[in-house]
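Take any residue in the sequence shown, count from 1 to its spot, add 60: that is its number in my numbering.
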Amino acid sequence: MVFAKVAVPVPLGQAFTYSVPQEWASRVVPGARVLCDFGRRQVLGVVLELSEQAPNIAPEKLKPLRAVVDSEPVLPTSLLDFLVQLAHYYLAPIGEVMRLALPTVARGDLEKLKAQGVGNTESIKSVGKLVQFAVANTAAIEQARNVEKGRLKGAILDELNKLVDAGALPISQLEISRSVAKKLVDQGLIQLERRSAAEPKAMPSTPLEEAPLPTEAQRAALAEILETMQAGTAATFLLHGVTGSGKTEIYLNATARCLEMGRSAIVLVPEIALTPQLVQRFKSRLGDQIAVLHSGLSPRERRLMWQKLRDGTLRVAVGARSALFAPVENLALICVDEEHDSSFKQEDGVQYSARDMALLRAHRSNAVCLLGSATPSLQSEALRRAGKIRYLSLPLRARAGSALPKVEIVDLRRFGPGPTGDRLITLPLFRALEQVLERKQQAILFLNRRGFAPSLVCEACGEIVQCPNCAVALTVHTRPRERMVCHYCDFSSPVPKQCSACKSARLSQEGVGTEAVESSLVTAFPHAQVGRLDRDVAAGTKSEPVLARMRRGEIDILVGTQMVTKGHDLPRVTLVGVLNADAALSLPDYQAAERTFQLLVQVAGRAGRGEDPGRVLVQTHNPDHPAVRFALKHDVAGFMEHELAERRQLHYPPYARLALVRLDATDRSLAERAAHQLAEIARKVGTELEVLGPTAAPLARLRGRYRFRFLLRAQERAPVRKAAHAVLKAPLDRRVRLSVDIDPLNML
Ligand code: ADP
Ligand code: ZN
Ligand code: ZN
């Protein structure tokens, strides 16, 4: 009797054991998908391991597998291993983790499988099936056609011509017999290859672009990386290079070498929708061997990409954090671009960090992990100091003559509103904008608030218009029409005419959002083209048209949220304005300084990438804050030194291990009580562990649920894990939702 441990996509920690019916014993392999009973449902699971030993349960009590979907592992075993490790690290349900890596099975396929019942593997063929393709050897066919006329029969020639046009076709689509096909192979006219059935057409290839001659620093960095890759040993590198220093060139070169070696690579970028240029560069340099994974893909396209990565047709995956789970084999390289970026952390479902897990996957695959940034995370810096990762530096901008921009402070305590009357468009900023427009250059203004005004306040009684579901103020929006919107739950309502508490009609808009800045600029500079880039104009992949207009010079001033700070390479931008640097500093989060510093340096890096020198104006009430002071001088090392000392003293990462336990419920006291009970359980774990809290979360109510939390902290990982485990296992009222966030980034 054979037993299979199966990861089932349900929010429960462990894998479940099923018995394998005798007749399939030879067909069930680890990594293959199986259909199995779970409660009253049938679910698709993944076999983790097989054993002949009966588990503790009586064998007759075990349910048999219902059907075998794949006869080959749907996931490479190395990836399967990695997922098991990931689930272990985050104390996450293995089935849920598995889901991160599996393509969604087309709904119809699953239904068919269920309908056809036990043991049928034919119906999901399209996912995972390889078919025989004939690939044309064009030159040889040409030769045979011209030189040795008469050798080839007319009918066969027709088929070959068809093949030459297509490049490659499934053999079933050609009207030639098996024996003829074999002959053609022997004559060197065609090759037979097993390829994914999902993609019958050969892909058109985009023209390849020449790589620039590497700079001295690039050459040195590449040499180390390539040597390690060649040796096939696992290693992590921190590639610290100022913005525009040519880090992407390094990723490109290392990836190209991977392909030459016949191995695979993964390139992770923070937000793929915002980095079309990077994707384009990869395509034009490496051709069509690249799978670009982004949120704009339809489920079908996603499955196709997945399939091509799985069968080796494509060997490079470029994408946001989920690309980490690309089903490639023989991995040699994982690049994490902008490794400090917090978007590598998934905040819902399985709360994993793709940056941290890239280290793990690379390590387990004997691959190189390349972490690149202009502002490395303190975590990476600590690893470097501990000698655990190797340091590569690109200290200068790659393009000759392009220098780092000059960063200047505009002290908001001294400068009031400029000529527009707008508090955030000070006189120095106004003058700088005039200059940019005069010179026909471009400016980027960054403000981390979308909408028109962040809140609406009653002048009579001070009441703030709040979201009915969340403990936050509603934001006033004016585009496309006037309304109030909650930025946390998307609740929206008309703008009230009077205060709900005192009925006063004197409601005033407080604060400034991107819409307000945009409209002030339009009024102040009637001849300028003003563009806006935030989630309201450009959700998902829709930012590209705005950025394209910016690249074509159709926008003079671009106002936006974080979206404008990412890796755009816009050579005509000579002015960057940070309208209010204080917003990020005031977050209730131990990483506020680090985030602000990174943001300032990154956004400053958008200026002066071309021939004209760049200028950056940072408006703040806190010009003496270390994050601001060090950013002014582009002093990354200085900031890290300062901030690491602070972290050490306050006992925060990288000098401590954290887990954040969150609880929420629609009933406030229920959530609070549960938080106290679980915190008590955690406290019993031992003296090496600190339990901070429980307290109400800074966002005390969200989507109608009251939120509480407590923090687990210790020097080492073990006590934190132990406590987290105890918390997860403790009995809990069903109405309370619990999550344990290992290595939390978002403290709200
Ligand atoms: P980063 O990723 O560090 O911001 P990039 O690789 O995007 O830097 O390079 C910045 C700019 O410099 C790009 O326009 C790129 O084409 C150019 N560049 C990079 N390396 C070289 C080089 N060795 N010679 C000339 N130009 C280069
Ligand atoms: Zn009022
Ligand atoms: Zn809300």
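Ideal placement from N, C-alpha and C gives every residue a C-beta, glycine not left out.
For clarity, every value in this text was computed on a predicted model and none was experimentally measured.
Reference F551, options F490, R279, R763, closest by Cα: R763
Can you grab the Cα-Cα spacing for the pair L312 / L298, in whole Å? 16 Å
Kindly examine ligand 3 and report whether one of its heavy atoms sits closer than 7 Å to the Cβ of Y548. yes
Ignore the nearest five residues each way along the sequence and tell me which others in A652's own chain have a CB closer than 6 Å to its CB. L645
Whole angstroms are fine: how far does the CA of L252 sit from the CA of P193? Residue identity check: residue 193 is Phe in the sequence provided, not Pro. The alpha-carbon atoms of F193 and L252 are separated by roughly 6 Å.
Under 8 Å: do the segment 304-320 and the segment 406-426 share three or more Cβ pairs, one atom per stretch? no
Considering only residues of the same chain and omitting the five flanking positions on each side of M700, which have a CB-CB separation below 8 Å? P436, L438, E441
May I ask you to list the residues that DSSP assigns as paired with M544? V536, S553
So, is G591 buried or exposed, given that buried needs 16 or more other C-beta atoms within 10 angstroms? buried
How many Å lie between H423 and I394 at the Cα? 10 Å
A291 versus L771: straight-line alpha-carbon distance, rounded: 42 Å
Does the beta-carbon distance from A18 to G620 come in below 8 Å? Since the first residue shown for the chain is 61 and the last is 808, residue 18 is missing from the structure and cannot be characterised.
For a test of the three-state rule: what should DSSP assign to A196, helix, strand or coil? strand
Run of the alpha helix (DSSP H) containing G698, from where it starts to where it stops: 696-710
Measuring only from the beta carbon, is V536 closer than 7 Å to any heavy atom that is part of ligand 3? no
Just to confirm, are K569 and A513 a CB contact at a threshold of 8 Å? Sequence inspection shows Gln at residue 569; the Lys mentioned does not correspond to that position. Yes. Within cutoff.
Using a Cβ-Cβ cutoff of less than 6 Å, which residues in the same chain neighbour V780 once the five nearest sequence positions on both sides are dropped? R717, A719, L772, A774
Flag V532 as yes when its Cβ comes closer than 7 Å to any non-hydrogen atom of ligand 3, and as no otherwise. yes
Identify whether R773 lies in helix, strand or coil by the three-state DSSP scheme. strand
In its own chain, which residues sit with a C-beta less than 7 Å from the C-beta of L143, not counting the 5 before and 5 after it? V157, M158, A161
Taking L507 as the reference, give the member of A271, R100, A641 with the closest Cα. A641
Measure from the alpha carbon of Q679 to the alpha carbon of each residue in K789, I485, E109, R381, then state which is nearest. I485
Just mark Q349 as buried or exposed, buried being the case when its beta carbon has 16 or more other beta carbons within 10 Å. buried
Please list the segments of the alpha helix (DSSP H) lying wholly inside the segment 101-163, counting only runs of 4 or more residues, in order along the chain. 137-149, 154-161
Contact set, ligand 2 heavy atom to C-beta under 6 Å: C518, A520, C521, E523, C559, A561, C562, S564
According to DSSP, L298 sits in a beta bridge with which residue or residues? L431, Y451
Opposite E468 in the DSSP bridges: which residues? L677
Neighbour-count burial assignment, D225, 16 or more Cβ in a 10 Å radius: exposed
Can you grab the Cα-Cα spacing for the pair V572 / T583, in whole Å? 16 Å
Ligand 1 heavy atoms versus the CB of D629: any closer than 7 Å? yes
Are the beta-carbon atoms of T293 and N426 separated by less than 8 Å? yes
Whose C-alpha, out of M623, P673, P631, R675, is nearest the C-alpha of L659? M623
Less than 7 Å separating the Cβ of C527 from some heavy atom of ligand 3? yes
Can C527 and C559 be called in contact, C-beta distance under 8 Å? no
Determine the closest residue to L140 out of P387, A380, Q102, with distance taken between C-alpha atoms. P387
Can you tell me where the alpha helix (DSSP H) holding Q439 begins and where it ends? 438-445
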